[in-house]
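S.K.: Sharing a structure with you now.
Residue numbers (my numbering): 22 to 399.
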């Protein structure tokens with residue numbers, strides 16, 4: 022075969038081969054573009070934060086759990102209200118609650134156990150079930166943390182440590198109580214601290230323990246520490262306010278505003294046992310109360326007259342305080358070149374009866390949000 026013909030033949034083969042490879046590469050590129058619009062991993066600079074209210078594992082909750090098994094909480098209908106958030110189901114959520122009952126070797130698991138909340142350590146399984154594959158954080162700064170004395174706080178801290186559940190707001194001494202919790206996740210640094218209206222530093226039966234007091238000077242000092250720790254988002258839990266009242270009082274609002282003025286990014290209130298007001302102040306979110314998450318107060322409370330604080334319970338045929346309606350809020354925190362941004366809260370809810378969750382009528386949730394939100398947040 023003449024050399025010229027050979028060269029033409031080789032050139033033709035190379036052209037066909039090159040065209041085929043180019044077509045294959047284009048096909049691969051189209052496939053990559055398609056995958057881009059498919060299911061995505063969470064952004065490296067965003068976090069789904071789910072916050073809820075009080076968890077009390079003593080009294081009736083402990084009695085039912087001990088009698089029927091410590092995994093009964095979601096067993097009634099298989100309903101877990103947290104599964105209403107996709108981030109929870111994917112194991113990507115960071116969650117915060119207030120633990121209202123210390124663990125104690127001497128529990129108070131009685132249906133009518135009074136107001137000393139001491140939980141059997143078997144109830145740690147409930148917290149594990151709540152956590153699932155996510156990260157669970159707990160505040161210990163509340164008016165029941167001392168119900169089992171210093172020994173109870175020590176036992177609680179050890180029980181939570183063994184379950185790998187970070188906690189803050191209380192400890193065996195002032196230094197431990199005042200230690201901030203810093204969480205690093207998806208490229209963000211979140212800092213937490215908690216305070217209680219009756220917090221103090223003292224000893225019980227010669228065993229010292231501490232709960233952070235709701236002291237403005239200390240909180241401001243903690244905000245400065247968070248700033249020095251390069252915290253992207255500063256979250257404060259405040260245990261205070263009138264029980265069974267939806268509206269926050271003027272002192273609550275004044276302090277919340279002052280703390281945001283000094284750098285707080287999110288304020289979460291608890292203690293009132295019912296969902297409370299929500300507020301946006303200088304583009305920061307204040308959740309004055311999320312009510313009870315897991316509690317045995319599902320009986321409501323009688324009310325005299327139609328006031329702002331009560332809703333109609335058609336099953337009980339009376340006006341009640343909604344102590345049996347836990348409110349959950351999810352916030353998407355995103356870090357951009359201009360700073361940290363929070364979405365408006367996405368609210369979900371349920372009903373709690375005898376320590377088990379059932380679905381809440383959407384109309385009831387809408388009615389509650391209408392009553393407690395002076396501004397439209399959803």
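The C-beta atom is built at its ideal place from N, Cα and C for all residues, glycine as well.
The structure displayed is predicted, hence computed values, not measured ones.
Identify, in the order they occur along the chain, each residue of the same chain with its Cβ nearer than 6 angstroms to the Cβ of residue 101, setting aside the five sequence neighbours on each side.
M.R.: In the chain shown, the residue the question calls residue 101 occupies position 80. Hits under 6 angstroms: 95.
S.K.: If you run the structure through DSSP and keep just helix, strand and coil, what is residue 279?
M.R.: The count along the chain shown starts at 1 and reaches residue 279 at position 258. Of the three classes helix, strand and coil, the one that applies to residue 279 here is helix, per DSSP.
S.K.: For residue 214, does the three-state DSSP call read helix, strand or coil?
M.R.: Against the chain shown, residue 214 aligns to sequence position 193. Strand.
S.K.: Under three-state DSSP, which class holds residue 357?
M.R.: Your numbering for residue 357 matches position 336 in the chain shown. It is a strand residue.
S.K.: What does a CB cutoff of less than 7 angstroms around residue 128 pick up in its chain, not counting 5 residues either side in sequence?
M.R.: Translated into positions along the chain shown, residue 128 becomes position 107. Cβ neighbours of residue 128 beyond the five flanking positions: 79, 83, 139, 140, 141.
S.K.: Just verifying my parser: in three-state terms, what is the DSSP assignment at residue 245?
M.R.: In the chain shown, the residue the question calls residue 245 occupies position 224. Helix.
S.K.: Quick one: what's got a C-beta closer than 6 angstroms to residue 394's C-beta in the same chain, skipping five residues either side?
M.R.: Position 373 of the chain shown, counting from 1, holds the residue named residue 394. Same-chain partners within the cutoff: 299.
S.K.: For the putative contact between residue 369 and residue 136, defined by C-beta atoms under 8 angstroms, what is the C-beta separation to the nearest angstrom?
M.R.: Start at 1 with the first residue of the chain shown, and residue 369 comes out as number 348. Start at 1 with the first residue of the chain shown, and residue 136 comes out as number 115. Contact doesn't hold; Cβ gap of about 29 angstroms is too wide.
S.K.: Helix, strand or coil: how does DSSP classify residue 302 here?
M.R.: Numbered from 1 along the chain shown, position 281 holds the residue referred to as residue 302. Strand.
S.K.: Got a sec? Which residues, its chain only, sit under 7 angstroms from residue 381 by beta carbon, not counting five neighbours each side?
M.R.: Taking the chain shown and counting its residues from 1, one reaches residue 381 at position 360. Excluding residues within five positions, the ones whose Cβ falls inside 7 angstroms are 346, 370, 371, 372.
S.K.: Ends of the beta strand (DSSP E) at residue 93?
M.R.: Against the chain shown, residue 93 aligns to sequence position 72. Counting along the chain, residue 93 falls outside any beta strand (DSSP E), and DSSP gives it neither H nor E.
S.K.: What are the partner residues of residue 234, as DSSP defines its beta bridges?
M.R.: The residue you call residue 234 lines up with position 213 of the chain shown. BP columns for residue 234 point to 217.
S.K.: So residue 211 packs on residue 256, CB below 8 angstroms; how close in whole Å?
M.R.: As a working mapping, residue 211 is identified with position 190 in the chain shown. As a working mapping, residue 256 is identified with position 235 in the chain shown. That pair is a contact at about 6 angstroms.
S.K.: In chain order, what are the residue ranges of uninterrupted alpha helix (DSSP H) at least 4 long that sit wholly in the region 87 to 148?
M.R.: The region 87 to 148 contains these whole alpha helix (DSSP H) runs: 107 to 110.
S.K.: Our contact map puts residue 184 next to residue 166 with C-beta atoms below 8 angstroms; I'd like the distance itself, whole angstroms only.
M.R.: On the chain shown, position 163 is the one that residue 184 refers to. On the chain shown, position 145 is the one that residue 166 refers to. Not confirmed; about 17 angstroms, so no contact.
S.K.: Candidates 99, 85, 71, 120: which alpha carbon is nearest residue 109's?
M.R.: Mapped onto the chain shown, residue 109 falls at position 88. It is 71.
S.K.: Could you tell me whether the region 226 to 239 touches the region 267 to 275, using the rule of 3 or more Cβ pairs below 8 angstroms?
M.R.: Judged by Cβ distances under 8 angstroms, the region 226 to 239 makes no contact with the region 267 to 275, as fewer than three pairs qualify.
S.K.: Under 7 angstroms Cβ to Cβ from residue 144, same chain only, skipping five residues before and after it: list those, please.
M.R.: As a position in the chain shown, residue 144 is number 123, starting the count at 1. Cβ neighbours of residue 144 beyond the five flanking positions: 78, 83, 86, 91.
S.K.: Buried or exposed: which applies to residue 147, given that a residue is buried once 16 or more other Cβ atoms fall within 10 Å of its Cβ?
M.R.: Walking along the chain shown from the start, residue 147 turns up at place 126. Residue 147 is buried by the Cβ-count criterion.
S.K.: Report yes if the CB atom of residue 242 is closer than 8 angstroms to the CB atom of residue 162, and no otherwise.
M.R.: Numbered from its first residue, the chain shown carries residue 242 at position 221. Numbered from its first residue, the chain shown carries residue 162 at position 141. Not a contact, by the Cβ cut-off of 8 angstroms.
S.K.: State the DSSP-derived secondary structure class of residue 317, mapped to helix, strand or coil.
M.R.: Residue mapping note: residue 317 aligns to position 296 of the chain shown, counting from 1. Of the three classes helix, strand and coil, the one that applies to residue 317 here is coil, per DSSP.
S.K.: Looking at residue 374: is its Cβ nearer than 8 angstroms to the Cβ of residue 319?
M.R.: What you label residue 374 is simply residue 353 of the chain shown in a count that begins at 1. What you label residue 319 is simply residue 298 of the chain shown in a count that begins at 1. It is a contact, given that the beta carbons lie within the stated cut-off.
S.K.: Give the DSSP-derived three-state secondary structure of residue 377 in the structure shown.
M.R.: Translated into positions along the chain shown, residue 377 becomes position 356. The answer is strand: DSSP assigns residue 377 an E or B state.
S.K.: How would you call residue 304, buried or exposed, if buried means at least 16 neighbouring beta carbons within 10 angstroms?
M.R.: Counting from one through the chain shown, the residue named residue 304 turns up at place 283. Answer is exposed; the Cβ neighbour count stays below 16.
S.K.: If you draw a straight line from the C-alpha of residue 312 to the C-alpha of residue 262, how long is it?
M.R.: Position 291 of the chain shown, counted from the first residue, corresponds to residue 312. Position 241 of the chain shown, counted from the first residue, corresponds to residue 262. C-alpha separation (whole angstroms): 12 angstroms.
S.K.: Can residue 221 and residue 189 be called in contact, C-beta distance under 8 angstroms?
M.R.: The residue given as residue 221 occupies position 200 in the chain shown. The residue given as residue 189 occupies position 168 in the chain shown. No, they are not a contact pair.
S.K.: From the DSSP output, in three-state form, read off residue 341 for me.
M.R.: Looking up residue 341 in the chain shown gives position 320. Strand, per DSSP.
S.K.: In the DSSP assignment, find the unbroken beta strand (DSSP E) run with residue 176 in it and report its ends.
M.R.: Here the question's residue 176 lines up with position 155 in the chain shown. Segment 170 to 183 is the alpha helix (DSSP H) holding residue 176; no beta strand (DSSP E) there.
S.K.: Can you look up residue 74 in the DSSP assignment and give me helix, strand or coil?
M.R.: As a working mapping, residue 74 is identified with position 53 in the chain shown. Three-state DSSP puts residue 74 in a strand.
S.K.: For residue 223, count neighbouring C-beta atoms within 10 Å of its own C-beta (all shown protein chains included) and say buried if the count is 16 or more, exposed if not.
M.R.: Locating residue 223 in the chain shown gives position 202, counting from the first residue. It counts as exposed.
S.K.: For residue 172, collect the residues of the same chain with a Cβ closer than 6 angstroms to its Cβ; drop the 5 residues on either side in sequence, then sort them by chain order.
M.R.: For this step, residue 172 is matched to residue 151 along the chain shown. Excluding positions up to five away in sequence, the list reads 228.
S.K.: What is the rounded straight-line gap between the Cα of residue 115 and the Cα of residue 187?
M.R.: Translated into the one-based positions of the chain shown, residue 115 becomes position 94. Translated into the one-based positions of the chain shown, residue 187 becomes position 166. Going from the Cα of residue 115 to the Cα of residue 187 covers about 11 angstroms.
S.K.: Considering only residues of the same chain and omitting the five flanking positions on each side of residue 246, which have a CB-CB separation below 7 angstroms?
M.R.: Taking the chain shown and counting its residues from 1, one reaches residue 246 at position 225. Result list for residue 246: 201, in chain order.
S.K.: Does residue 81 pass the burial test, meaning 16 or more other C-beta atoms within 10 Å, or should it be called exposed?
M.R.: The sequence position of residue 81 within the chain shown is 60, counting from 1. Classification of residue 81: buried, given that the 10 Å Cβ count is 16 or more.
S.K.: Just the Cα atoms here: how many angstroms apart are residue 297 and residue 310?
M.R.: Reading the chain shown from its first residue, position 276 is the one you call residue 297. Reading the chain shown from its first residue, position 289 is the one you call residue 310. Whole-angstrom Cα-Cα distance: 4 angstroms.
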